[in-house]
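Numbering (full-length UniProt numbering), first residue to last: 1 to 346. As structure tokens, the structure follows; a few thoughts come after it.
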């Protein structure tokens, strides 16, 4: 018996689900070969290049900033140096993670891609802790300064040149990493690192120079260090929260869910989507589809049709894994032990 024997079977499916948004079908028709997941290797190479270049340049800049911080005695420059050193730590972590997560292992049947957001969370934690330490030191310096112990600064031309070069280089790296930020959390974190460095170096060179050339404005240097540290801490808290949400399994946006519905509904004339559940499984989505097929369809035919749908959904770049459950009717009761995960994401 073949699928054509069931071509005229009509399904009695309850249409109590909210109407699909128009964007679902427009997105479906836009799908073509460009959306097939054929870019992991090329993307990984670009990410590796961005990470490697960032590490090399940050090593050079960290050495130069160490000299600038020691010679100048500026807390703002010290804050920028701490940022650069932690950048190196996080980038080394990203480099290791990007290589390790693409190495298959039988111990991790679902892969190790969730290592990437974990690395971002660890980096965010380190950045926040170090920045708060700089804030504490800066506050202590302010208290001492207002009690008569004004700190001395020595902003030489070489020190200023080091910070100026760092700003230009970081602007270039920020632009390059931002181009691939949408395909990799590591690249996005790198782009944020470089953006933070542009800000921290700019504030450092401005406040330290003013404090150096105007002794009455000595307090601008520790205040600049505090501003840099608070900005970095806030920025990384936002990034860390986003990655934690993805690790926990935050739901996909409505347009993506409607897109999966549209793909399933148009997959086969004898198939109708019932429930679509899509949520983050690390950086990408895990998709669960419950579809309805004729009760009289053979197990073999139902398997082949649902497997083809699974592969079609898994071709999407944003999908890590897809699972298709076949039923012969829509159900208004829960088939899982936890009703909270049974609810249709749409």
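Glycine residues also receive a C-beta, built at the ideal position from the N, C-alpha and C atoms. Owing to the predicted nature of the structure, the values given are computational and were not obtained by experimental measurement.
For the beta strand (DSSP E) containing residue i, name the first residue and the last one.
i	result
residue 278	272-281
residue 287	284-292
Of the residues the options, which one's Cα is nearest the Cα of residue i?
i	options	result
residue 194	170, 135, 126, 284	170
residue 153	313, 218, 118	218
residue 259	316, 137, 46, 189	316
residue 225	175, 70, 78	78
residue 87	72, 111, 59	59
residue 82	94, 69, 92	69
residue 94	208, 272, 54	54
residue 161	173, 67, 303, 113	67
residue 128	196, 61, 74, 203	196
residue 57	173, 308, 275	173
residue 327	313, 286, 270	270
residue 167	151, 240, 80	80
residue 116	97, 132, 109, 133	97
residue 257	124, 275, 137	275
residue 241	185, 207, 107, 262	185
residue 75	205, 314, 324, 296	205
residue 125	155, 89, 109, 111	89
residue 201	151, 175, 246, 165	165
residue 52	312, 92, 284, 144	92
residue 85	123, 325, 143, 284	123
residue 318	297, 246, 105	246
Below 7 Å CB to CB, which residues in the same chain sit around residue i once its five sequence neighbours on both sides are set aside?
i	result
residue 250	279, 280
residue 253	none
residue 22	Its pLDDT being 40, under 50, residue 22 is placed unreliably by the model, and the measurement read from it follows with that caveat. Hits under 7 Å: none found.
residue 244	121
residue 133	none
residue 286	279, 320, 321
Buried or exposed: which applies to residue i, given that a residue is buried once 16 or more other Cβ atoms fall within 10 Å of its Cβ?
i	result
residue 234	exposed
residue 103	exposed
residue 158	exposed
residue 290	buried
residue 63	exposed
residue 299	exposed
residue 215	exposed
residue 141	buried
residue 221	buried
residue 282	buried
residue 192	buried
residue 293	buried
residue 65	buried
residue 238	exposed
residue 146	exposed
residue 135	buried
residue 148	exposed
residue 332	exposed
residue 305	buried
residue 99	exposed
residue 223	buried
residue 248	exposed
residue 309	buried
residue 45	exposed
residue 130	buried
residue 110	exposed
residue 267	buried
residue 163	buried
residue 330	buried
residue 61	buried
Who are residue i's beta bridge partners in DSSP?
i	result
residue 323	288
residue 251	279
Hey, could you find the ends of the alpha helix (DSSP H) residue i is sitting in?
i	result
residue 213	185-213
residue 83	75-101
residue 126	115-146
residue 298	Here residue 298 belongs to no alpha helix (DSSP H), and DSSP marks it neither H nor E.
residue 168	157-178
Leaving out five residues on either side along the sequence, give the residues of the same chain with a beta carbon under 6 Å from the beta carbon of residue i.
i	result
residue 187	47, 50, 177, 180, 181
residue 189	120
residue 273	261, 264, 265, 291
residue 155	72, 208, 209, 212
residue 112	101
residue 323	288
residue 236	124, 127, 128
residue 15	Only weak support is given to the placement of residue 15: the predicted model assigns it a pLDDT of 42, under 50, and the value that follows is read from those uncertain coordinates. Excluding sequence neighbours, residue 15 sits near nothing in its chain.
Go through its chain and collect everything with a Cβ distance to residue i's Cβ below 8 Å, but skip five positions before and after it.
i	result
residue 199	228, 231
residue 138	75, 79, 222, 223, 225, 226, 229
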